[in-house]
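Student: Could you have a look at this structure, given as structure tokens, before my questions?
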Amino acid sequence: MRRPALLGAALVLAAAGAAHADEDPDVGAGKCQVVKFCVDVKVPGKTGGDNQQAGSQDSGDSKLKCKYTKIDPEPPASAKDLWKGADPKTSDLYFYSCSNGGQDNPDGFVTVPNGQPPQQQVNPQELAQQVVDSMTLLGPDININPKPGGKGLVGMPVWMAVDQSQTTWGPNTASASAGGVTVTATAKVAKVVWSMGDGSSATCMSPGTVYQKSYGLKKSPDCGHVYTQPSADAQGGTYKVTATSTWVINWQGGGANGQVTEVRNSSVAVAIVESQAVNS
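Below, the structure is given as structure tokens:
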């Protein structure tokens, strides 16, 4: 049985099931009279419809595949939300439905000049990854006390912090456009994990507090460590302190949104000695 799908300027969003691969409602003649416009069209993945022209395109290495169905007969020029400013006399209207490794992507309508095939729809997730790749996301700009090149004491508090900038902490925002789709992403560091070189680690959810002389022998209020052994037996006589930041990038565009994480790290060497060694 052939099933008509409703298409109309006022129905594109309110009746998304009109031409959606997951929903295939029967529409009676009475309803067609109400909306003034009915089109008998084969929805991708469904049976029926003699005038469908469907094709599948694969965007390179992506798993995104889109099927296009030509709408024939075409809706009237008054269905402006469907034609999106295109001239019905010189344009063809297609419905597209995309999938990406089992995940649904936004369905919709696209117009192309008469006789030309529709272009492959842009995968917002792919475009988002391009935005992330274009960002300058660096490892932490370490600000630690005792300073690299100096000496710290066993049992004395170590203050760990990172200097904040757009590229080392965020927020870092960038955008990219392709195929009429624009994706914007904003990246910010969510946490820093400090590997102290003595087998211990500390996870800090903030950039930490930069040490000031006025703090004296106090412990850091948010990101600190205390060494219990000197670094003399470590490679090079110092502890390698590595700070690993986790960037969380939220993106949106093309009717979709998501989140990506990236990891960056940087290291410094810290010498820790026994107090009597300093006094000798």
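Going by the numbering used here, the first residue of the sequence shown is number 3, and it counts up by one from there. For every residue, glycine included, the Cβ atom is placed at its ideal position computed from N, Cα and C.
Would you list, in sequence order, the uninterrupted beta strand (DSSP E) runs of no fewer than 3 residues that lie entirely inside the region 129-217?
Tutor: Fully enclosed beta strand (DSSP E) runs of 3 or longer: 143-147, 153-155, 159-165, 174-180, 183-197, 203-206.
Student: With DSSP collapsed to three states, give me the class of K221.
Tutor: Here K221 sits in coil by DSSP.
Student: Per DSSP, what are the beta-bridge partners of Q261 in this structure?
Tutor: Per DSSP, N252.
Student: Excluding the 5 residues flanking K242 on each side, which residues of the same chain have their C-beta closer than 7 angstroms to its C-beta?
Tutor: The answer, listed in chain order, is G199, S269, A271.
Student: Could you tell me whether the region 183-193 touches the region 158-172, where touching means 3 or more Cβ pairs closer than 8 angstroms?
Tutor: With a cut-off of 8 angstroms, the region 158-172 and the region 183-193 count as touching, because enough Cβ pairs lie within range.
Student: Between which two residues does the alpha helix (DSSP H) harbouring D89 extend?
Tutor: First-last for D89: undefined, no H or E at that position.
Student: I'd like to know whether the C-beta atoms of I146 and M162 end up nearer to each other than 7 angstroms.
Tutor: The answer is yes: Cβ separation under 7 angstroms.
Student: Using 8 angstroms as the cut-off, can you tell me whether the region 131-138 makes contact with the region 107-119, which would need three or more C-beta pairs spanning the two stretches below that distance?
Tutor: In short, these stretches do not touch, since the Cβ pair count stays below three.
Student: Evaluate the contact criterion for the region 246-266 versus the region 215-224: three or more CB pairs, one atom per stretch, below 8 angstroms.
Tutor: Short answer: they don't touch.
Student: Is DSSP giving L84 helix, strand or coil here?
Tutor: L84 falls in the helix class under three-state DSSP.
Student: Beta-carbon within less than 7 angstroms of T240's beta-carbon, same chain only, minus the 5 sequence neighbours each way: which residues are those?
Tutor: Closer than 7 angstroms at Cβ, skipping near neighbours: S233, A271, V272, A273.
Student: Within 10 angstroms of the Cβ of L2, are there 16 or more other Cβ atoms? Answer buried if so, exposed if not.
Tutor: Past the edges of the chain, shown from 3 to 282, lies residue 2, and the structure says nothing about it.
Student: If you compare alpha carbons, which of V275, T248, P209, K193 is closest to T263?
Tutor: Closest by alpha carbon: T248.
Student: When you compare only the Cα positions, how much space is there between K69 and Y98?
Tutor: Rounded to whole angstroms, K69 to Y98 spans 5 angstroms at the Cα level.
Student: What is the residue span of the beta strand (DSSP E) that G226 lies within?
Tutor: G226 -> beta strand (DSSP E) spans 226-228.
Student: K261: which of D83, Q127, T246 sits nearest, CA to CA?
Tutor: Position check: residue 261 holds Gln in this sequence, whereas Lys was assumed. Ranking D83, Q127, T246 by Cα distance to Q261 puts Q127 first.
Student: Taking its Cβ as the centre, do 16 or more other Cβ atoms sit within 10 Å of S202, making it buried, or is it exposed?
Tutor: That one is exposed.
Student: May I ask which residues mark the beginning and end of the beta strand (DSSP E) holding V124?
Tutor: Run containing V124: none; DSSP gives neither H nor E here.
Student: Where does S233 sit, in a helix, a strand or coil, going by DSSP?
Tutor: Looking at S233 - three-state DSSP - the assignment turns out to be coil, as it is neither helix nor strand.
Student: Closest to S179 by CA distance: which of A130, Q168, D224, H227 is it?
Tutor: Closest option to S179, Cα to Cα, is A130.
Student: For K149, count the other beta carbons within 10 Å of its own beta carbon; 16 or more makes it buried, fewer makes it exposed. Which is it?
Tutor: K149 should be labelled exposed.
Student: Less than 7 angstroms between C-beta atoms, sequence neighbours within five positions excluded: which residues of the same chain meet that for I144?
Tutor: Excluding positions up to five away in sequence, the list reads V164, A245, S268, V270.
Student: Residues in its own chain within less than 7 angstroms of E76 by CB, not counting five upstream and five downstream?
Tutor: The residues are P90, L95.
Student: Would a C-beta distance cut-off of 7 angstroms place P153 and V275 closer than the cut-off?
Tutor: In the sequence as presented, Pro is not what sits at residue 153; that position holds Lys. In contact: K153 and V275 (Cβ atoms closer than 7 angstroms).
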